[in-house]
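Quick mapping for you: the protein sequence lines, in order, are chains A and B. According to the numbering used here, the residues represented by the first sequence are -10 to 331, in order. According to the numbering used here, the residues represented by the second sequence are 71 to 405, in order. Comments concern the structure below.
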Amino acid sequence: MLLEQLSNAAGVSGNEAPVRDAILAYVRDYVDVTQVDSLGNLICLKRAAGAPECQRKVMIAAHMDEVGIMVVHIEGNGFLRFRPVGGIDPRVLLSKAVLIGEKMVPGVIGQKAIHLLKEHERKQVVSVDQMFIDIGAKDKADAEQAVKVGDYGVFATRFASLGPTMKGKALDDRAGCAVLAELLRGGPYPCDVYGVFTVQEEVGLRGAQVAAYAVKPDVAFVVEGTVCDDSPKKTDVSPTTRLGAGSAISIADRSAIADRRLVQFLVDTANRVGLPYQFKQPLIGGTDAGRIHLSREGVPTVALAVPCRYIHSPVSLMSQADFDNTVALMKAALSRVDEVVK
Amino acid sequence: MKDLIKQLTEVWGPSGQEGAVRGLITAAVKPLVDDLRTDAMGNLIAVKRPTVESASGRRIMLAAHMDEIGVIVTHVDANGFLRFSSIGGVNPLTLLGGRVAFGNGVRGVIGIEKRESPAEEVKLEKLFIDVGATDKERAERLVTVGDVGSFDRQFADLGDRLVAKAMDDRVGCAVLVQTLRELRSTSHEVSFVFTVQEEVGLRGATTSAYGVNPDIAIAVDVTATGDTPEARTMAVGIGKGPAIKVKDRGMLAHSGLKNLLVRMAKDSGIPYQLEVLEFGSTDAMAMQMTREGIPAGVISVPTRYVHTPSEMVDYADVLGAVRLLVATLSAPMEF
Chain A
-10 MLLEQLSNAA GVSGNEAPVR DAILAYVRDY VDVTQVDSLG NLICLKRAAG APECQRKVMI
50 AAHMDEVGIM VVHIEGNGFL RFRPVGGIDP RVLLSKAVLI GEKMVPGVIG QKAIHLLKEH
110 ERKQVVSVDQ MFIDIGAKDK ADAEQAVKVG DYGVFATRFA SLGPTMKGKA LDDRAGCAVL
170 AELLRGGPYP CDVYGVFTVQ EEVGLRGAQV AAYAVKPDVA FVVEGTVCDD SPKKTDVSPT
230 TRLGAGSAIS IADRSAIADR RLVQFLVDTA NRVGLPYQFK QPLIGGTDAG RIHLSREGVP
290 TVALAVPCRY IHSPVSLMSQ ADFDNTVALM KAALSRVDEV VK
Chain B
71 MKDLIKQLTE VWGPSGQEGA VRGLITAAVK PLVDDLRTDA MGNLIAVKRP TVESASGRRI
131 MLAAHMDEIG VIVTHVDANG FLRFSSIGGV NPLTLLGGRV AFGNGVRGVI GIEKRESPAE
191 EVKLEKLFID VGATDKERAE RLVTVGDVGS FDRQFADLGD RLVAKAMDDR VGCAVLVQTL
251 RELRSTSHEV SFVFTVQEEV GLRGATTSAY GVNPDIAIAV DVTATGDTPE ARTMAVGIGK
311 GPAIKVKDRG MLAHSGLKNL LVRMAKDSGI PYQLEVLEFG STDAMAMQMT REGIPAGVIS
371 VPTRYVHTPS EMVDYADVLG AVRLLVATLS APMEF
């Protein structure tokens, strides 16, 4: 299963090669042209069916990178100091197993045992610069045999299916990558489709910026794994998205206001084929759409997502049905995309 | 020109929903320009070609933004109250007791949860919109998640001074329309660009400047003032003429262009002020950084109570901004 493979692969921003290789192997035989650009974006062109009337280009983006950590210093006693890459709440880091560098060296983000914690320490959030990774090295020289400054680290979480749901790390945005890969295996569609697997989204939408400039699309879709906060609450507030309630369409977030025609197009398509959808709580988060829609003279863009609980942490959880419905909705939308890019 | 300002400030158009504003401006400028188009983002680009051939003619982009700040519905609760976030910089204090209007004409009142103490900060999360619905289902027949609203407030003519919501930046749009009406002769190709989504990050100017690819760019927008009781110190006041920007948080105006605007104001006998704004920026910031870089400046209309439902300008400053722009476009732009 591609999603399992992608979730388990290590691909922190700037080091997406393992993810890219897996995707390329999966889609290569189903697309006409593949290219890896200078930043590492994987751009796959799937040409339109037959002799197409549609002269427009459709771009679909999903980002390959995940949040993680980078080793910044090795202490004399062999412990590693690190910094987050992308947005990570320090509270999710303590006592987690991680894998460092290309050799995937196992380590643990160490934490004092509860027996030793002073009363005030129990109430404190430890900051990242106080944390360290323990790879079991006996001293600096020993540690340097295994890892070096600048190595990336990922959470050591293995993907698993829990029946109707799936759990794994990096579902933001390996869920989107897997959706996009399925779209490229499907089709062909009425217009040329550029499936773009982007790099460095988590550190500022950097890959999407240059990929959109190169592709020059007429319309763009972004496929994400997005925030889902539907746990029980005391007050009647938005869950941002709900697990199992279908693809979440973004009307506006911090990075972009969606093109209303495209929002309507997705809603109409979902209604036509009888697929569930929901609107993501506005003004939360941002996606590659933030750069794509501002590329060159502007590109009508919309983002839709598979809701994922607990993203940017060692383990997130998503619904198999939401994933399947997102693939189905995008396939249905692409099959009539010529109607919206006139 | 007061009628034009009244019309433009009263029309509804939060960021991303500028269609009605664009319609109004399209009708006003269509007879006055050689080419009119709307780009992928919704920017309205009205081009006036040179009326006289001259080697000194340049390609100039003028920008004023059509969008206004507003609110966006994020959640409808079981009792039919709407929770919301802001579109652009909205100070929660300015919302209390006010009303908002949605695109379909639905109106709502802004309410606030009880506060634990009078000193407690008024935060957006504590506010809600009451559209008069008795439950969630009835509310959702009127408004759904993702719908946007603007301040619901009428224009008021106080004589020398004018008050309205969305003076930022419909007054700039009005200055551009009026400039088109008064511009008799120019050696330049001038693109009058009415931009979208300025309030959420200069997004319309980013793409339209790339498309227009001008030699020189000038934004017309509002600026803050320091002329009210206990105001933050700022050497700009209303009624002292249009302001020529030197810098703000996002840009340094091109000094040659700034000096040219100062010279044009002096030569034409138009009172003017120099503006150093310590917060905020304008479309000129985005235009300046386009492609290989574009000399950019700003003519500002000094405005009190910016980003509130009651933004106040001095009518003479507005007329001065038009005169300065007409004079500048009528002369060679060498700097």
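Backbone N, C-alpha and C fix where the C-beta goes; we use that ideal spot for every residue, glycine too.
Nearest residue (CA-CA) to residue i, options the options
i	options	result
R250/A	I98/A, A209/A and R36/A	A209/A
G233/A	V94/A, R9/A and P296/A	P296/A
K92/A	L(-8)/A, H301/A, D140/A and T230/A	D140/A
A427/B	Y385/B, T352/B and S124/B	Past the edges of chain B, shown from 71 to 405, lies residue 427/B, and the structure says nothing about it.
G202/B	E210/B, A323/B and P84/B	E210/B
R72/A	M59/A, N314/A and S116/A	M59/A
H258/B	S400/B, V81/B, K76/B and V99/B	S400/B
V266/B	A135/A, G287/A and D131/A	G287/A
G326/B	V292/B, E348/B and V368/B	V368/B
Y375/B	M357/B, V91/B, G127/B and G159/B	G159/B
E171/A	D26/A, V304/A, A50/A and R111/A	A50/A
D54/A	V81/A, V1/A and H62/A	V1/A
C180/A	L13/A, G3/A and V326/A	V326/A
A226/B	E186/B, L78/B, P402/B and G390/B	L78/B
Residue-level contact to chain A via CB, residue i, 8 Å cutoff
i	result
R273/B	yes
R153/B	yes
A171/B	no
H145/B	yes
N117/B	Note on identity: in this sequence residue 117/B is Val, with Asn being the wrong assignment. Judged by the 8 Å Cβ criterion, V117/B is not in contact with chain A.
I142/B	yes
A110/B	yes
A354/B	no
G216/B	yes
A305/B	no
G150/B	no
Inter-residue spacing [alpha-carbon to alpha-carbon] between residue i and residue j
i	j	result
G281/B	R285/A	7 Å
V262/A	F254/A	12 Å
P7/A	A(-1)/A	6 Å
L74/B	V141/B	25 Å
G184/A	L28/A	16 Å
L36/B	V114/A	Since the first residue of chain B shown is 71 and the last is 405, residue 36/B is not available in this structure.
F262/B	L246/B	7 Å
Q(-6)/A	R9/A	11 Å
V316/B	V117/A	42 Å
G181/B	R153/B	10 Å
K137/A	G274/A	33 Å
P312/B	N329/B	14 Å
V182/A	G93/B	33 Å
Y15/A	R174/A	8 Å
Endpoints, the alpha helix (DSSP H) within which residue i is located
i	result
E252/B	M237 to E252
Y280/B	R273 to V282
I246/A	Counting along the chain, I246/A falls outside any alpha helix (DSSP H), and DSSP gives it neither H nor E.
P7/A	A6 to V16
C166/A	L160 to R174
R211/B	K206 to L212
E80/B	K72 to E80
V396/B	Y385 to S400
A294/A	Here A294/A belongs to no alpha helix (DSSP H); instead the beta strand (DSSP E) covers T290 to R298.
E133/A	K129 to A135
Residue interval of the beta strand (DSSP E) (run including residue i)
i	result
M48/A	K46 to H52
S150/A	A149 to L151
T194/B	A quick correction: the sequence has Leu, not Thr, at residue 194/B. That residue, L194/B, is in no beta strand (DSSP E); it is neither H nor E in DSSP.
I281/A	That residue, I281/A, is in no beta strand (DSSP E); its alpha helix (DSSP H) goes A278 to I281.
Cβ distance (whole Å) where residue i is taken to contact residue j below 8 Å
i	j	result
S338/B	A301/B	30 Å between Cβ atoms; not a contact.
E345/B	I314/B	7 Å
L232/B	V383/B	6 Å
M307/A	L160/A	5 Å
Interface flag, residue i vs chain B, CB-CB below 8 Å
i	result
G287/A	yes
L283/A	yes
A(-1)/A	no
V216/A	no
A241/A	yes
S220/A	no
D225/A	yes
L272/A	yes
I246/A	yes
F268/A	yes
Short CB-CB distance (under 8 Å) between residue i and chain E
i	result
S85/B	Within the model displayed, chain E is absent; protein chains A and B are what it includes.
Any non-hydrogen atom of the ligand ATP within 7 Å of residue i CB
i	result
A200/A	With respect to the ligand ATP, the structure shown offers nothing to examine, as it has no ligands at all.
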